[in-house]
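Chains as they are written, first to last, in my numbering: chain S, 139 to 463; chain H, 836 to 1155.
A virtual CB, placed ideally from N, CA and C, is assigned to each residue, including glycine.
Here the structure is a predicted model, which is why all the values come from computation and not from measurement.
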Amino acid sequence: MEPLLEVKNLCAYFFMGSSILKAVDGVSFEIQPGQIVGLVGESGCGKTTATQCILRLLPSPGRIVEGEVRFGDKDLLTLSPEEMRQIRGRHISVILQDAMAALNPVIRVGEQVADIRLAHTTDSNRAAWEKAVELMGQTGIPRASERARYHAHEFSGGMQQRIVIATALACNPELIIADEPTTGLDVTIQLQILSLLLKAREQMGSAILYISHDFATVVSICDRIIIMYAGEVVESAPTKEILTNPMHPYTEGLINSIPPLGGAPMEFLPAIPGLPPNPVDLPPGCRFAPRCSHVSEECLVQRPDLIACTPGHYVRCFSYKEEIE
Amino acid sequence: MKTLVQVQSLTKHFAASRLWILRTGQVTKAVDDVSFSIEEGEVFGLVGESGCGKTTTGRLILRLIEPTSGDVFFDGQRITALARSELRDYRKQAQIIFQNPFSSLNPRRSIEDILSDGYDIYGLANGGERRDRMVALLEKVGLGADALKRYPHQFSGGQRQRIVIARALTVEPKFLVADEPVSALDVSIQAQVLNLLRQLQRDLKFTMLLIAHDLRVVYHMSDRIGVMYLGRLVELANKQELYDHPLHPYTQALISSAPTMELGRMGRKAVLKGEVWNRMPPPGGCVFYPRCPIATEECKRTLPTLEAKGQDHSVACIRV
C-alpha cells in the first residue's frame, strides 16, 4: 500500500548563536492510510519539532536542513505557503495539548469550528455554522446548538479539547496530528477523548499521528509505535511487537519505568539512570550510550543506524544485526 | 501500630468571592467531612481527579490553610487548635514537597541558601557542621557537594525535585506530605524520583501522605489508599484490597480508566459518562450520583458516609 505520509531523513536544527540544537536529526517513518501511529518520547526528544516540520510551522530560529516529507504525491517541504495553507486543516489537521491556548478566547467556539469549513469548502455561512454544531454534537458536547455560541472559557478542559477535536475533524482530514491531546486531563476524561479519536478513525478513515510521553495511553490506541530519543528514532514497530519484544534498551527502560498497577508490589522500579543528553552537546556515538546498561566500546564512538531486524521492526542499536534487506 | 496523623470531619468551604458585592452565596465544598488516620511509618496515598480536594486536604493537615471545621491531630496534639506561634514546632515535624519544582525553588537563591533555612530557623546547625549536613543530605538525594553553589536554573526538573526533597528533609521531619511529587517529570525521571522517595522513606522511616492523580504512582508507593471525589472521601482500603476489590463505582471507574499496558483493552473499557463540573450533585445527595452507573432514586437524597466493609476497607456508597 502507498503510505499516506512518508518522512525521510528529516533534520531540523535550531541555530542559536554559536551553538546548534539538533532537535530532529535524521528521522524517518511512514504512516499508512487509516493507521494510528504513536510517537513516544520524553520532553525535548524532538517529537513536537518533528510534527511542526510536517505542518511547516517550525518557529524561528529552527530550520529544516534536510529531508523530505511526502504526503500522497506531494513533498510538503517544497510547497508554496499558499499550497501549504490548502493542506493544513483540510488534509492534515492538528490537535494540541493545551486546548485553551488553541482556542481564541474572544471568538465564539462555533465560529472557530465553522471557520475551517469556510476556509476550505464552498459552504455558506449558514451551512458552515450548522456543520459546526453537528461536529460539536458528534464530539459529545451536550446542547451543541446552544453551546456553539459560548466562548472557550465557559467550557471545562475536557470540553475545550472536544471543541478542538471538532475543528480538527471539520474537513474529514486524511491525517490528524494529535500532540499530547489528553495530557492535563483527568483519567476518566482521557478515556473519553481517546474513544473519540478511535471513533473518528472508524467513521472517516483518518490516519492519526498520536504524540505522547505516556506510553500506557499510546499502547491503548496505536497500531504502531515509534520511540524517539534525543532527536532520533531509536525503535519503531507494531504495538504488539514493542510490548512483547522491545529491542532498544531505552524502550525496555521506558516500559520498565512505568509503575505496575496490580500484581505483586515492587520495592524499586528498574529506572533508567542519568539524564537525557544536552541537545546542543550530543554524545558522538550512540546518544543513549551514557545511560545504557549494555554499552560497549563501539557505542561510544560510532552512531548506530536504524536497521530492520524483522519485517516492520526497526531498531537503532549495535546489539542487533540487520536480518532482512 | 501508633496513629501519627488523625483527620476528623475535616471540612473546607471556599466562598465564591470575598467581596460581598460579588458573593453569590455559592460555596465550593473543596473538602467535605473527610476523616482518616495515618499510622506511623506508613505511606498513605490520596488519589482523585483534579479538583477533588486532595491537595486542599494536604494543606489543611499542615495548616497552610485554615479549615472551616473539623480537626487534625498529630501525635496526639490538636493541630487545629495551635496558636500561630506554636505552629513553628509543628512545621519542624511536618514538611511538604510541592508538585512543580520550577516554581517551588526561589531562582535568586543558591542551593546552599535554600537548604540552610531549615537549619537556621530551628538553630539546628551552623558553620561547618551545617555545611557537612547539607552535603550529606545532597548525597542522599543523589546530588554532589558542587550543587551548593549553584542556582535552581542550572538543574533539570528531576534534579530540582531532588533539591526540593532535600529541603524538606533538612529538619528531619516525622511526617512528609508529597503533593504530586512526580507529575511534572518525565517517565524515566519519575521512576528515579519514586525510587529515591522510597529509599529515603525506608532509611529515615518518616510517615508520608502521597497525593497524586496517577493511580499507578499511588498504587506503587502507598500502603493504604484513600479515593476522593468532589471533596469527599469515597473509599479507603489497603492498596491490594482496593485494587483487587474496589467497591465504590468511582474507584472501579478510576481503575478501569487507567491506561493498561495490554493490547486491545480500549474496546472493553467502561467509559464513564460526563465530567465532574458540568454535573453537580443534587443537594443532599451522593456526590457521585450524576455520573454513577448504579445510582438509584435513593442516592439522589442520601449522602453516604464512610462505612466499614470488611477488614481495613471502608466505602461511602449505599449500594454496596
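Exercise for review: Would you mind stating whether Phe879 (chain H) and Gly993 (chain H) have Cβ atoms separated by less than 8 angstroms?
Suggested key: no
**Study point:** Host alpha helix (DSSP H) of Gly296 (chain S) (start-end)
**Key:** Gly295 to Leu307
Check your understanding: Whose CA, out of S:Gln190, S:Pro319 and S:Ala409, lies closest to the CA of Cys149 (chain S)?
Key -> S:Gln190
Check your understanding: Does the Cβ of Leu142 (chain S) have 16 or more other Cβ atoms within 10 Å, making it buried, or fewer, making it exposed?
Key -> buried
Point to revise | Helix, strand or coil at Ala150 (chain S) according to DSSP, with G and I counted as helix | key: strand
Exercise for review: Would you check if the segment 1014-1028 of chain H and the segment 940-948 of chain H touch, i.e. whether three or more CB-CB distances between them fall below 8 angstroms?
Suggested key: no
Check your understanding: Which one or two residues does DSSP pair with Thr838 (chain H) in a beta bridge?
Key -> H:Glu874
Check your understanding: Under a CB-based cut-off of 8 angstroms, is Phe353 (chain S) close to chain H?
Key -> yes
**Study point:** Delimiting residues of the beta strand (DSSP E) encompassing Lys269 (chain S)
**Key:** Taken as a continuous stretch (DSSP letters only), Lys269 (chain S) belongs to no beta strand (DSSP E), being part of the alpha helix (DSSP H) at Asn263 to Gln276.
Review point. Among H:Lys1009, H:Gly1066 and H:Leu1138, which residue has its Cα nearest to the Cα of Asp1038 (chain H)?
Key: H:Lys1009
Point to revise | DSSP state of Ser157 (chain S) mapped onto helix, strand, coil | key: strand
Practice item. Can you check DSSP and say which residues form a bridge with Leu1068 (chain H)? Key: H:Met1063
Practice item. Take the Cβ of Asp163 (chain S) as the centre, count every other Cβ of all protein chains shown within 10 Å, and call the residue buried at 16 or more, exposed below. Key: buried
Review point. On the three-state DSSP scale, how would you describe Gly958 (chain H)?
Key: coil
**Study point:** beta strand (DSSP E) runs wholly inside the segment 891-938 of chain H, at least 3 long, in chain order
**Key:** 904-909 and 929-932
**Study point:** Candidates S:Leu193, S:Gly450 and S:Trp267: closest to Leu215 (chain S) by CA position
**Key:** S:Leu193
Review point. Does DSSP put Gly176 (chain S) in a helix, in a strand, or in coil?
Key: strand
Practice item. Under 7 angstroms Cβ to Cβ from Val1160 (chain H), same chain only, skipping five residues before and after it: list those, please. Key: Chain H is shown from 836 up to 1155; residue 1160 (chain H) falls before or after that span and cannot be answered.
**Study point:** chain H contact residues for Gly400 (chain S), given Cβ-Cβ distances below 8 angstroms
**Key:** Tyr1054, Tyr1078 and Asp1079
Exercise for review: Could you tell me whether the Cβ of Pro415 (chain S) comes closer than 8 angstroms to any Cβ of chain H?
Suggested key: no
Exercise for review: Closer than 7 angstroms by beta-carbon distance: list the chain S residues that pair up with Arg1051 (chain H), in chain order.
Suggested key: Ile396, Pro397 and Leu399
Check your understanding: Given that Met1096 (chain H) touches chain S, what residues does it touch there, using C-beta distances under 9 angstroms?
Key -> Phe353, Ala354, Val357, Ser358, Leu381, Ile393, Ile396, Pro398 and Leu399
Review point. Closer than 9 angstroms, Cβ to any Cβ of chain S: which residues of the segment 969-1003 of chain H, in chain order?
Key: Ser991, Gly992, Gly993 and Gln994
Review point. Taking the Cβ atom as the reference point for each residue, do Gln996 (chain H) and Val1028 (chain H) lie within a distance shorter than 8 angstroms?
Key: yes
**Study point:** Member of S:Ser198, S:Met222, S:Leu196 and S:Arg201 whose CA lies at the smallest distance from the CA of Arg208 (chain S)
**Key:** S:Met222
**Study point:** Within chain H, partners of Val371 (chain S) - CB distance below 7 angstroms
**Key:** Near Val371 (chain S) there are no residues of chain H at all, since even the closest Cβ is about 17 angstroms away, more than 7 angstroms.
Check your understanding: Beta-carbon separation of Pro1094 (chain H) and Ser181 (chain S) under 8 angstroms?
Key -> no
Review point. How many angstroms separate the CA atom of Phe293 (chain S) from the CA atom of Leu392 (chain S)?
Key: 35 angstroms
**Study point:** Residue environment, Lys847 (chain H), which counts as buried when at least 16 other CB atoms sit within 10 Å
**Key:** buried
**Study point:** At least 3 beta-carbon pairs within less than 8 angstroms: the segment 301-316 of chain S vs the segment 358-368 of chain S
**Key:** no
Point to revise | Where Phe406 (chain S) meets chain H, residues with beta-carbon distance less than 8 angstroms | key: Asn1030, Arg1033 and Gln1034
Check your understanding: First and last residue of the beta strand (DSSP E) that includes Cys447 (chain S)?
Key -> Ile445 to Thr448
Exercise for review: Indicate the three-state DSSP secondary structure (helix, strand or coil) for His451 (chain S) in the structure shown.
Suggested key: strand
**Study point:** Phe879 (chain H), DSSP secondary structure in three states
**Key:** strand
**Study point:** Beta-ladder partner(s) of Val232 (chain S), from DSSP
**Key:** S:Ile315
Practice item. Return the chain-ordered list of same chain residues with a C-beta closer than 6 angstroms to the C-beta of Ser434 (chain S), the five sequence neighbours on each side being excluded. Key: none
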